[in-house]
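In order, the protein sequences belong to chains F and L.
When we follow the UniProt record's numbering, the leftmost residue of the first sequence carries the number 1, and every step to the right adds one.
When we follow the UniProt record's numbering, the leftmost residue of the second sequence carries the number 1, and every step to the right adds one.
Even for Gly, the Cβ is constructed at its ideal location relative to N, Cα and C.
Take a look at the structure below.
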Amino acid sequence: MNLTSSSSSSPSPSPTSTRFTRALGVAALVGIGWLVLFGLFLSPNDRVQKTGVRILYIHVPSAWLAYLAFGVTGLSSAAYLWKRTRNLQWDRVAGASAEVGVLFMGITLVSGSLWGRISWGQFWTWDARLTTTAFLFVTYIGYLAVRDLGGTHQQRAKRSAVMALLAVLEVPLVHFSVKWWRPLHQNETVEKGKLNGLMLFSLFIGLISFTLLYVWLVIHRQRVLALNDQVDDRGLDLALAARREES
Amino acid sequence: MSEPTDSDLNLAPREVVPTAARGKKKPWFAYAVLVLALGAGGLFVAKFLTNAIDYYCNVDEIGHKSGCDVGRNIRIQGVVDKDSIEKAGAVTNFVVTFHGESIPVVLSSKPTGLFQECIPVVITGKVVDADDGTQYFEGNEVLVKHSENYDKENKDRVATANGEAAACSQKG
């Protein structure tokens, strides 16, 4: 990502793709193809959950990617607020990452709900992990709404950066909720080495391919946000030019 | 005649002429989403404080731990004992054990999910004193609390699995 480009000087919109992002997109697609192959066909059934275990290969990577995305939003927001690195590009990375994080968090909630119906016998229950995850989800929806409240780009960047730094504190709360309280949700599996062989490999493929997809989405989205800012800035430039012609 | 400067410009608002294809965002939509998110967040906090912190009592805590009182509507956790599941019409009877303490359960709803012997479950209901002086749990809902262990389905391991199942009610 080019973090030094200016938003207002470019006379015409540039494409959001490059050779690197096209290669990245292809790699993400190949990874997702592998995930489908291993997750649906090559990995074995679980002894207890049978074929229901396959939701794991979507649910866990999407949850981890949501954590990563919200972490990146927090770091980018801190970089914007710090005077030595203050640049609107950090704000756009933060916004793009939050949007993709909300997408992955939504996938986590939907896949978890389906998995819960299969294993627990219920789509939803108010246990600590589920409740804190839902809270994290609406917090970042609120963050995205705060970004759209209007004002200058700098005002948007400053207020959303402050909110992002507060919101990211919820991520450890969600992750450790299974340790700190008594949830219906299971405890950690990967950290405790309770997943092996092709099951672990399929999960690994899910993590890699979702990470590639995340990077690809964030790069494109932050470039679209930069173009949106350019359009806003050009609108002002054009209005000033029209008034100069009048006088 | 001097050149006009920017300070001479008439900056009074004019009729808005679109300068780009992108439509102007409507802040009221963002405010509406923000209000909805705040409302949902408040609901989740309330649910967390009332339901999520102590989602259940372990079987060995019934009658001993605050909030796990006899006669009160609670959730209990334990492992379903081997060979304890009996269906009697609309009712399912089984025994759950945790840390060596057991309690019979009379469940009025149909068990769903992965419900089976030797699996951890969370049951909603209340502890009732029976006529013979013993206690049982009158349950109206059971949820399966699957463990963090994943193991591939393999015929070679059925014997091992059966061995584990036989001992399940002893573990708790």
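Between which two residues does the beta strand (DSSP E) holding residue i run?
{"i": "residue 178(L)", "result": "Since the first residue shown for chain L is 1 and the last is 172, residue 178(L) is missing from the structure and cannot be characterised."}
{"i": "L107(L)", "result": "E101 to L107"}
{"i": "L143(L)", "result": "Q135 to V144"}
{"i": "V95(L)", "result": "V91 to F98"}
Using three-state DSSP, classify residue i as helix, strand or coil.
{"i": "P120(L)", "result": "strand"}
{"i": "A21(L)", "result": "With a pLDDT of 44 at A21(L), under the threshold of 50, the modelled position of this residue cannot be trusted; read the value that follows with caution. If DSSP states are grouped into helix, strand and coil, A21(L) belongs with coil."}
{"i": "D54(L)", "result": "strand"}
{"i": "G193(F)", "result": "coil"}
{"i": "V127(L)", "result": "strand"}
{"i": "K50(F)", "result": "strand"}
{"i": "K65(L)", "result": "coil"}
{"i": "K110(L)", "result": "coil"}
{"i": "S9(F)", "result": "Below a pLDDT of 50, predicted positions are generally treated as unreliable, and S9(F), at 47, falls in that range; the measurement from the model is reported next regardless. Coil, per DSSP."}
{"i": "K152(L)", "result": "strand"}
{"i": "Q230(F)", "result": "helix"}
{"i": "H185(F)", "result": "coil"}
{"i": "S209(F)", "result": "helix"}
{"i": "L34(L)", "result": "helix"}
{"i": "residue 176(L)", "result": "Missing from the structure shown is residue 176(L); chain L here goes from 1 to 172 and no further."}
{"i": "Q222(F)", "result": "helix"}
{"i": "T139(F)", "result": "helix"}
{"i": "F123(F)", "result": "coil"}
{"i": "S43(F)", "result": "coil"}
{"i": "F115(L)", "result": "coil"}
{"i": "L9(L)", "result": "coil"}
{"i": "P27(L)", "result": "helix"}
{"i": "S202(F)", "result": "helix"}
Can you list the residues of chain F that residue i reaches, using a CB-CB cut of under 9 Å?
{"i": "A30(L)", "result": "L144, A145, V146, R147, D148, L149 and G150"}
{"i": "G113(L)", "result": "G116, R117, I118, S119, W120, G121 and Q122"}
Might you give, ordered along the chain, the residues of its own chain that have their beta carbon closer than 8 Å to the beta carbon of residue i, omitting 5 neighbours on each side?
{"i": "T85(F)", "result": "A79"}
{"i": "T132(F)", "result": "E170, L173, V174 and S177"}
{"i": "L203(F)", "result": "L56, Y57, V60, P61, V190 and L195"}
{"i": "A21(L)", "result": "Residue placement at A21(L) cannot be trusted, given a pLDDT of 44 that sits under 50; the coordinates are not used to answer."}
{"i": "W120(F)", "result": "L184"}
{"i": "I141(F)", "result": "V102"}
Taking Cβ-Cβ distances shorter than 7 Å, what residues in chain L pair up with residue i?
{"i": "T139(F)", "result": "G41"}
{"i": "E246(F)", "result": "N10"}
{"i": "K179(F)", "result": "Result: empty, since nearest Cβ-Cβ is about 12 Å, beyond 7 Å."}
{"i": "K158(F)", "result": "Near K158(F) there are no residues of chain L at all, since even the closest Cβ is about 16 Å away, more than 7 Å."}
{"i": "R243(F)", "result": "L9, N10 and L11"}
Could you tell me which chain F residues have their CB closer than 8 Å to the CB of residue i, listed as they occur along the chain?
{"i": "residue 211(L)", "result": "As displayed, chain L neither begins before 1 nor continues past 172, which places residue 211(L) out of reach and without an answer."}
{"i": "E153(L)", "result": "P44, N45, D46, R47 and K50"}
How far does the alpha helix (DSSP H) with residue i in it reach, from first residue to last?
{"i": "L87(L)", "result": "Note that residue 87(L) corresponds to Lys in the displayed sequence, not to Leu. No alpha helix (DSSP H) holds K87(L); the beta strand (DSSP E) holding it covers E86 to A88."}
{"i": "T108(F)", "result": "L88 to S119"}
{"i": "H153(F)", "result": "H153 to A167"}
{"i": "F20(F)", "result": "R19 to V36"}
{"i": "G150(F)", "result": "No alpha helix (DSSP H) contains G150(F), which DSSP labels as neither H nor E."}
{"i": "C48(L)", "result": "According to the sequence provided, residue 48(L) is Phe. The question's Cys does not apply to it. Segment: none, F48(L) is in no alpha helix (DSSP H) and carries neither H nor E."}
{"i": "G71(F)", "result": "L56 to L81"}
{"i": "W181(F)", "result": "Where W181(F) is concerned, there is no enclosing alpha helix (DSSP H), given that its DSSP letter is neither H nor E."}
{"i": "P172(F)", "result": "E170 to H175"}
Given that residue i touches chain L, what residues does it touch there, using C-beta distances under 8 Å?
{"i": "M199(F)", "result": "Y150 and K152"}
{"i": "F135(F)", "result": "G41, F44, V45 and F48"}
{"i": "P183(F)", "result": "A52 and Y55"}
{"i": "D127(F)", "result": "N51, A52 and Y55"}
{"i": "L195(F)", "result": "Y150"}
Anything in chain F within Cβ reach of residue i, meaning under 7 Å, just list it in chain order.
{"i": "L107(L)", "result": "What L107(L) touches in chain F: nothing, since even the nearest Cβ is about 12 Å away."}
{"i": "A90(L)", "result": "By Cβ distance, chain F contributes nothing, its closest Cβ being about 17 Å from A90(L), past 7 Å."}
{"i": "A130(L)", "result": "Result: empty, since nearest Cβ-Cβ is about 27 Å, beyond 7 Å."}
Tell me which residues share the same chain as residue i and place their Cβ nearer than 6 Å to its Cβ, disregarding the 5 neighbours each side in the sequence.
{"i": "I205(F)", "result": "W34, L35 and F38"}
{"i": "I32(F)", "result": "S209"}
{"i": "L136(F)", "result": "E170 and V174"}
{"i": "E86(L)", "result": "N93"}
{"i": "D91(F)", "result": "Y80 and A157"}
Which residues in the same chain as residue i place their Cβ atom closer than 7 Å to its Cβ, once the five residues preceding and following it in sequence are excluded?
{"i": "F123(F)", "result": "S113, G116 and R117"}
{"i": "G74(F)", "result": "A164, L165 and V168"}
{"i": "A27(F)", "result": "L212"}
{"i": "K152(L)", "result": "none"}
Please find out if some non-hydrogen atom of the ligand SAH comes closer than 7 Å to the beta-carbon of residue i.
{"i": "R182(F)", "result": "With respect to small molecules bound, the structure shown includes none, and the ligand SAH cannot be examined in it."}
So with CB distances below 9 Å, who are the chain L contacts of residue i?
{"i": "T132(F)", "result": "F44, F48 and A52"}
Validate contact between the segment 89 to 108 of chain F and the segment 182 to 194 of chain F using beta carbons, cut 8 Å, 3 pairs: no
Any 3 or more C-beta pairs closer than 8 Å across the segment 105 to 115 of chain L and the segment 126 to 146 of chain L: yes
Three-pair Cβ contact test at 8 Å for the segment 62 to 77 of chain L versus the segment 118 to 137 of chain L: yes
The segment 149 to 166 of chain F contacting the segment 39 to 57 of chain L, beta-carbon criterion three pairs below 8 Å: no
Contact between the segment 125 to 136 of chain F and the segment 46 to 55 of chain L (3+ Cβ pairs under 8 Å): Enough Cβ pairs lie closer than 8 Å, so yes.
At least 3 beta-carbon pairs within less than 8 Å: the segment 91 to 100 of chain F vs the segment 218 to 238 of chain F: They touch, by the three-pair rule.
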